[in-house]
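Using full-length UniProt numbering, the letters of the sequence shown map in sequence onto residues 1 to 569.
Cβ atoms here follow ideal geometry from the backbone N, Cα and C, with glycine treated the same way.
Every value quoted in this text rests on a predicted model; they were computed, and no experiment measured them.
Report on the following structure.
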Amino acid sequence: MNQAESEILPLDTSRILDASGALRKRVLTEALDHSVATHPERVAMDFLGREWTYAELGEAVERLAGGLANAGLGKGDRFGLCLPNTPYSVIVYYAVLRLGAIVVNLNPLYSEHELEFLIADSGAKIIAVPDLEALHSKVAAAHGRSALERILLCPMADVLPFWQSVGLRTLKRGDLARKRAGVTYLDYRRLAAHAPLAQQAEVAPDDIAVLQYTGGTTGRPKGAMLTHAGLAANAAQMMLHVGNERAMQERTLGVLPLFHVFGLTCVLNFGIDTASELVLLPRFVMKEVLATVKRKPPTQIFAVPTIYNAIGSLPDDQVPDLSMVRTSISGGAPLPLEVRTQYERRTGSPISEGYGLTEASPIITCNPLLGREPAKENSAGPAFPHTTIEIRDPETGECCKGPNERGEVCARGMQLMRGYWNRPDATETAFIDGALRTGDIGYLDEDGYLFLVDRIKDIILCSGYNVYPRIIEDAAYEHPAVKEAVAIGIPDDYRGEAPKLFIALHDGMSLTETELHAFLKDRLNPIEMPDAYEFRPELPKTLVGKLEKKELVAEERAKAAARKAEISA
Numbered sequence: 001m002n003q004a005e006s007e008i009l010p011l012d013t014s015r016i017l018d019a020s021g022a023l024r025k026r027v028l029t030e031a032l033d034h035s036v037a038t039h040p041e042r043v044a045m046d047f048l049g050r051e052w053t054y055a056e057l058g059e060a061v062e063r064l065a066g067g068l069a070n071a072g073l074g075k076g077d078r079f080g081l082c083l084p085n086t087p088y089s090v091i092v093y094y095a096v097l098r099l100g101a102i103v104v105n106l107n108p109l110y111s112e113h114e115l116e117f118l119i120a121d122s123g124a125k126i127i128a129v130p131d132l133e134a135l136h137s138k139v140a141a142a143h144g145r146s147a148l149e150r151i152l153l154c155p156m157a158d159v160l161p162f163w164q165s166v167g168l169r170t171l172k173r174g175d176l177a178r179k180r181a182g183v184t185y186l187d188y189r190r191l192a193a194h195a196p197l198a199q200q201a202e203v204a205p206d207d208i209a210v211l212q213y214t215g216g217t218t219g220r221p222k223g224a225m226l227t228h229a230g231l232a233a234n235a236a237q238m239m240l241h242v243g244n245e246r247a248m249q250e251r252t253l254g255v256l257p258l259f260h261v262f263g264l265t266c267v268l269n270f271g272i273d274t275a276s277e278l279v280l281l282p283r284f285v286m287k288e289v290l291a292t293v294k295r296k297p298p299t300q301i302f303a304v305p306t307i308y309n310a311i312g313s314l315p316d317d318q319v320p321d322l323s324m325v326r327t328s329i330s331g332g333a334p335l336p337l338e339v340r341t342q343y344e345r346r347t348g349s350p351i352s353e354g355y356g357l358t359e360a361s362p363i364i365t366c367n368p369l370l371g372r373e374p375a376k377e378n379s380a381g382p383a384f385p386h387t388t389i390e391i392r393d394p395e396t397g398e399c400c401k402g403p404n405e406r407g408e409v410c411a412r413g414m415q416l417m418r419g420y421w422n423r424p425d426a427t428e429t430a431f432i433d434g435a436l437r438t439g440d441i442g443y444l445d446e447d448g449y450l451f452l453v454d455r456i457k458d459i460i461l462c463s464g465y466n467v468y469p470r471i472i473e474d475a476a477y478e479h480p481a482v483k484e485a486v487a488i489g490i491p492d493d494y495r496g497e498a499p500k501l502f503i504a505l506h507d508g509m510s511l512t513e514t515e516l517h518a519f520l521k522d523r524l525n526p527i528e529m530p531d532a533y534e535f536r537p538e539l540p541k542t543l544v545g546k547l548e549k550k551e552l553v554a555e556e557r558a559k560a561a562a563r564k565a566e567i568s569a
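Right, here's the structure in full:
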């Protein structure tokens with residue numbers, strides 16, 4: 001029996017449950033305070049080999065919060081985090097929450113246009129970004145065209161291990177951000193040297209903690225208002241799901257982006273709540289992941305199917321030793337059975353598949369972990385602790401009465417969002433009788449396990465990210481040769497789904513795949529870029545003349561099934 005198996009203790013639920021057994025409403029910073037007080041010398045963060053203890057993390061948060069308060073940041077202000085996984089992602093997050101301000105998570109891969117919209121929609125006054133020109137330039141472009149007042153440049157050389165820090169300061173100085181005239185900047189080092197915050201702002205559990213942007217059938221992003229209580233509840237639900245506490249420190253492989261709600265909850269909020277060591281990686285590069293796993297063997301892995309697929313597909317001599325892992329959870333997109341089977345066979349580490357959505361902070365169901373009730377193939381698992389799953393008729397809204405009846409999956413629980421930021425109409429349609437509508441079709445079996453059948457929405461789930469067909473189509477329509485454009489998701493063994501773009505050209509016009517791809521690269525972010533193109537004289541339409549996606553989706557599914565049958569033959 002290894003150390004990971006021998007030092008498991010019963011979970012102390014007094015922090016997360018009240019006397020009646022219900023979830024306590026908590027403020028997110030309570031988790032940090034508890035871990036700093038009880039485990040000050042434990043390693044809180046490891047970034048490429050450089051470590052911070054919980055005591056050091058706590059002090060960094062308090063000093064930055066004091067500096068930001070002195071700079072005028074206050075309760076209710078929106079503060080953008082446009083950061084890859086770095087220590088700044090953790091420090092700035094908690095410092096902002098200390099002041100009762102609202103974190104706006106921004107994906108650094110977004111295009112300049114996308115970032116500008118989100119900054120304007122949220123009303124973010126300050127944006128934190130690494131002092132790297134590639135990211136800084138996109139944020140700086142929004143200055144003067146939104147509520148953005150100041151940019152907080154986070155000096156990467158200050159958090160890198162020694163030799164990498166020296167390299168960035170000397171050999172790669174050209175990569176550093178070049179400040180723009182007319183843009184106001186905050187000096188991170190000066191803020192971080194400020195006296196610790198004297199007193200935390202009066203923050204209530206039902207206050208908004210995070211604006212997490214998501215989309216819908218229109219593709220227009222909406223900010224889900226996630227409260228302190230909701231996000232803290234989902235972390236507590238994860239604690240109850242895992243069911244044990246370690247005498248040793250948990251070590252979480254932090255490869256999921258913390259700006260994504262899955263990473264935010266499972267890596268950051270849950271990790272800090274359980275005094276785990278967060279081994280942060282700024283991006284998913286297999287060579288770096290393998291070196292990190294060897295250097296710091298994880299006990300917990302939270303990842304999207306593409307990551308499990310990549311690890312499970314490694315040559316035999318490169319498969320990492322994951323014998324210390326006791327918790328592996330997959331989310332963000334459906335986990336193909338083939339991917340799960342191959343990963344478990346190659347690594348000996350079982351995966352538990354979960355399901356959720358941004359509006360639920362995000363987890364609402366998850367299969368049991370190893371040693372409990374068995375997971376069911378192709379199931380998203382039973383309801384998360386203190387969560388209720390309902391199946392409702394999509395037309396009438398009535399609850400389905402028996403097992404195996406298909407309908408729209410709806411959820412109830414403390415983890416649900418308050419609503420959409422400045423979108424009262426969208427908020428109203430997102431709920432039915434107080435339950436959150438997921439937009440997905442599924443059913444519950446006799447044991448209460450959820451099975452997803454189809455999506456109501458046309459969103460493409462690519463590596464755990466929502467890709468909106470309309471954004472791709474609108475970008476294609478900007479080309480003068482394009483008459484019709486339809487984007488759909490096609491099966492992809494690595495990413496779950498990948499965008500495919502169907503095009504019909506105007507008569508007499510010409511356009512090659514290479515030319516179209518180059519045209520779209522300036523208008524879409526890398527995740528949105530189509531993996532495949534198909535030119536047709538005409539695209540299928542409905543009887544009333546609308547472009548018809550269903551026929552194209554059916555064709556692609558048939559092709560995928562035929563390819564799979566050929567491989568199996």
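From the options, residue whose alpha carbon lies closest to that of residue i
i: GLN199; options: GLY223, GLY74, ARG220 and VAL293; result: GLY74
i: LEU135; options: VAL92, TYR185, LEU83 and VAL103; result: LEU83
i: MET156; options: SER146, LEU148, GLY100 and GLY167; result: GLY167
i: PRO10; options: ASN244, LEU253 and LEU226; result: ASN244
i: PHE259; options: GLY464, GLY21, ALA562 and GLU338; result: GLY464
i: GLU359; options: PRO491, GLY402, GLU344 and MET414; result: MET414
i: SER192; options: VAL92, GLU114 and PRO282; result: Here residue 192 is Ala; the residue named in the question, Ser, does not match the sequence. Here the closest residue by C-alpha is VAL92.
i: GLY356; options: LYS287, LEU335, TYR343 and GLU344; result: LEU335
i: ALA204; options: THR184, GLY230, VAL183 and ARG190; result: GLY230
i: LYS25; options: ASN234, ILE364 and ILE459; result: ASN234
i: ALA177; options: SER276, ALA569 and LEU153; result: LEU153
i: ASP175; options: GLY182, VAL183 and SER165; result: SER165
i: VAL103; options: LEU370, TYR213, GLU395 and ILE432; result: TYR213
i: PHE117; options: ALA19, GLN318 and PRO221; result: PRO221
i: ALA195; options: GLU288, VAL61, GLY76 and VAL267; result: VAL61
i: LEU322; options: GLU338, TYR343 and VAL339; result: TYR343
Three-state class that DSSP yields for residue i in the structure shown
i: ARG346; result: helix
i: ILE301; result: strand
i: ASP158; result: helix
i: LYS564; result: helix
i: LEU106; result: coil
i: VAL325; result: coil
i: ASN525; result: coil
i: TYR308; result: helix
i: THR86; result: coil
i: CYS266; result: helix
i: THR274; result: coil
i: VAL285; result: coil
i: LEU81; result: strand
i: GLU428; result: helix
i: TYR94; result: helix
Alpha-carbon to alpha-carbon, residue j and residue i
i: LEU23; j: ARG392; result: 26 angstroms
i: ALA44; j: SER35; result: 9 angstroms
i: PRO40; j: PRO297; result: 22 angstroms
i: GLY17; j: ASP273; result: It is Leu, not Gly, that sits at residue 17 in the sequence shown. Cα to Cα, the separation comes out at about 14 angstroms.
i: GLY401; j: VAL453; result: The sequence shown places Lys at residue 401, rather than the Gly named in the question. Distance between the alpha carbons of LYS401 and VAL453 is about 18 angstroms.
i: ASN525; j: VAL467; result: 10 angstroms
i: MET1; j: MET324; result: In this prediction, MET1 scores a pLDDT of 35, lower than 50, which makes its location untrustworthy; no coordinate-derived value is stated.
i: ALA383; j: GLU513; result: 45 angstroms
i: LYS541; j: ALA485; result: 12 angstroms
i: ASN107; j: LEU281; result: 15 angstroms
i: GLY58; j: GLU395; result: 51 angstroms
i: VAL96; j: LEU211; result: 13 angstroms
Proximity of residue i and residue j at Cβ, strictly below 9 angstroms
i: PRO161; j: LEU48; result: yes
i: ARG150; j: ILE119; result: no
i: GLY124; j: ARG180; result: In the sequence on display, residue 124 carries Ala and not Gly. Contact: no.
i: VAL304; j: GLY331; result: yes
i: ASP121; j: ASN309; result: no
i: ILE456; j: ILE441; result: yes
i: ALA498; j: GLY489; result: yes
i: GLU390; j: CYS410; result: yes
i: ASP447; j: ASN404; result: no
i: LEU253; j: THR306; result: no
i: LEU197; j: GLY66; result: yes
CB contact check: residue i to chain C, cutoff 9 angstroms
i: GLU202; result: Annotation note: the requested chain C is absent from the structure, which comprises a single protein chain.
Rounded distance between the beta-carbons of residue j and residue i, thought under 8 angstroms
i: THR388; j: GLU408; result: So it is not a contact: roughly 14 angstroms between Cβ atoms.
i: THR227; j: ALA201; result: Contact flag wrong, Cβ pair sits at about 15 angstroms.
i: SER352; j: ILE329; result: 5 angstroms
i: PRO87; j: VAL159; result: 5 angstroms
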